[in-house]
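If you're matching positions, the sequence shown starts at 3 in our numbering and goes up one per residue.
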Amino acid sequence: MTDIFISYSRNDRDIVSKMAAALAGEGFNVWWDTEIPPGSTFSEVIDARLKESDCVLVVWSMSSVRSNWVQEEADDGMQSGRLIPVMIDPIELPRGFKRVQTADLTSWRGDRNAPEWRRVVDEIRRLVAPARGAGASAHARGPSKAPSKAPSKVKVAKSSATGAGKNATAAASAAPSGRSGGKGAGALGPAVAVLALAALIGGGAYVAFATPAGKDLFAKGGDLVAKGGEIVANAADGLAASGYAPGDVIKDCEECPELVVVAPGSFLLGAPDDEASREVAETPQVPTEIGYSFAIGRYEVTFDDWAKCRKDGGCNGYDPNNQGWGGGKRPAINISYEDAQAYLAWISAKTGKRYRLPTEAEWEYAARAGAKTPFWFGNAISTSQANFNGQYPYAGASKEKSAGKTMPVGSYKANGFGLYDVHGNTWEWTEDCWRANHAGNPGDGRPVAGACAQRVLKGGAFNGGAWRTRAAHRKPAGAKAHDYDTGFRIVRELG
């Protein structure tokens, strides 16, 4: 675990390095993104470190206040109750942070005994000590205890490759304008108050697809009649054999969610070179042919859907936290990959049908609905079209007000396939094992398989920047992770 994640602008590296060294000298485990390991993407590493940290130390400066990355990390820290903000330049703080008590370090030059620095250390210690006492449950704040006296080193993502530092800098300069990663676990969520108080300023394992004997449910069907992201019908055996037509709505039981039938087709998985905010993880583009029809959730699985599973004795009796926003038709959140599997086992047993999570390729194909643009409705996105954090707009658009929480499913217009909320609202689990890019993707709709500790999330969420909601975007998460912005959508196999 990491005690402190430092969010800063690289223009302030000199003073931040002094902060990191001073905090390490106090016995804290400190991480700041000086380098990124080979084979890892910039946002992948940042998200993982941000999420595991007990304290988010944000260094506000003339440079960092203009960084969407820093602002989104600060927002994440504030929502999860882990934010400690400091100021190294006499500046006006960004909107949303002006009322947060911020430590004045404008005169600090590295003196570890300076009163203003000691106050920062004391606040960090008060925040980190309970998390240390909580063991593996890093955000279950308990009674404070004395911090460990064992010496600790600054955690830096190091690389064995020559020139990794240059590569990391290049990755950072190419990084998208907004990023959100870690979330407070379980009941903490965004309602937890910021802990920077007035005193601070002084005064997987892989789950295989079960298939009938001798049948490959991911085998390609007949010839496709179009390419390049167009919706295509498979007259030979894909859709015709299933007995359903594209757009048909299926509801297998009274307690079952509605599904929409999706026709076979082809598209390019991933982001093109010229897509704004494209990441290495979204490349290379993979020509993908889905030679079978499938039915996918019309909506994200809701709290109502989940409650029906629990009432029927399924879902391991788990009651996910709704963060105080209400349940009902809002998407079920704080759902792990393993929780989703429990729901799928219940509904499969209840209906006698094969339910599962979508593969990444199926999810992106269905979300695009034939579009080649970042969003199914075009190259731009607004908060009138999807639920995301409007303070982090896409590709130079203006900032907007946003909900700041999940919205009931179906609050926005459906895409061309009849699916709702494929952009934003909640991250959605897929069946695929996480890989650093699309190299090796089978290109036929099957999942990237193997024994893996992390799965692919798609779609973005209410609290993330607009760039996160692009159809091509993806990020990893551990199979046991419960986050207040993560839910799922289901698939039923046809045929």
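Ideal placement from N, C-alpha and C gives every residue a C-beta, glycine not left out.
For the beta strand (DSSP E) that residue i lies in, which residues bound it at each end?
i, result
"GLN103", "Taken as a continuous stretch (DSSP letters only), GLN103 belongs to no beta strand (DSSP E), as it is neither H nor E."
"GLN456", "456-460"
"VAL263", "261-264"
"CYS511", "Outside the displayed span of the chain (3 to 497) sits residue 511, for which this structure offers no information."
"ILE86", "85-89"
"LYS401", "Looking at the DSSP string, LYS401 is not in any beta strand (DSSP E), and its letter there is neither H nor E."
Less than 7 Å separating the beta-carbons of residue i and residue j?
i, j, result
"ARG299", "ILE492", "Per the sequence shown, the amino acid found at residue 299 is Gly instead of Arg. In this structure, ILE492 lies closer than 7 Å to GLY299 by Cβ."
"GLY79", "VAL58", "yes"
"THR432", "GLU362", "yes"
"VAL130", "ASP5", "yes"
"TYR486", "ILE335", "yes"
"THR471", "PHE379", "no"
"ASP250", "VAL263", "yes"
"VAL411", "GLU302", "yes"
"ALA283", "ASN439", "yes"
"TRP62", "MET89", "yes"
"PRO333", "GLY98", "no"
"GLY426", "ALA388", "yes"
"TYR396", "ASN70", "no"
Identify whether residue i lies in helix, strand or coil by the three-state DSSP scheme.
i, result
"ASP5", "coil"
"LEU129", "helix"
"ASP434", "strand"
"PHE377", "strand"
"GLY27", "helix"
"MET409", "coil"
"ASP485", "coil"
"TYR367", "helix"
"ALA238", "Note that ALA238 scores 36 on pLDDT, short of 50, meaning its location in the model is unreliable and no value can be drawn from it."
"SER11", "coil"
"PRO289", "strand"
"SER66", "helix"
"ASN2", "The chain is shown from 3 up to 497; residue 2 falls before or after that span and cannot be answered."
"LEU52", "helix"
"TRP34", "coil"
"SER279", "coil"
"ALA198", "Low local confidence applies: a pLDDT of 33 at ALA198 is under 50, so the model's placement there is unreliable, and no value is given."
"PRO274", "coil"
Can you give me the start and stop residues for the alpha helix (DSSP H) that residue i sits inside?
i, result
"VAL72", "70-81"
"THR353", "339-353"
"ARG300", "No alpha helix (DSSP H) holds ARG300; DSSP gives it neither H nor E."
"TRP308", "305-313"
Nearest by alpha-carbon distance to residue i: which of the options is it?
i, options, result
"ASP91", "LEU85, ALA105, ALA481, ALA483", "ALA105"
"LEU359", "PHE377, TYR345, SER404", "TYR345"
"GLY349", "ASP254, ALA26, HIS425", "Before going on, a small fix: residue 349 reads as Ile here, not Gly. Nearest of ASP254, ALA26, HIS425 to ILE349, Cα basis: ASP254."
"ASP49", "LYS20, SER9, GLU340", "SER9"
"TYR422", "GLN343, LYS331, HIS440", "LYS331"
"MET3", "ASN381, LYS53, GLY420, ARG15", "LYS53"
"ALA369", "ASN323, ASN324, LYS460, GLU340", "LYS460"
"ALA76", "ILE383, VAL102, ALA297, GLU340", "VAL102"
"GLY445", "ILE383, GLU364, GLY497", "GLU364"
"SER268", "GLU257, LYS374, GLY329", "LYS374"
"VAL67", "ARG111, PRO96, HIS484", "PRO96"
"ARG120", "ARG12, ALA347, GLU28", "GLU28"
"SER55", "ASP14, PHE7, ALA24, ASP16", "PHE7"
"ALA463", "GLU430, GLY316, LYS482, GLY418", "GLU430"
- Message: With a threshold of 8 Å, are at least 3 pairs of Cβ atoms found where one atom belongs to the segment 452-472 and the other to the segment 275-283?
- Response: The segment 452-472 is in contact with the segment 275-283.
- Item | Inter-stretch contact at 8 Å, needing at least 3 Cβ pairs: the segment 403-416 / the segment 447-458 | No, they do not touch.
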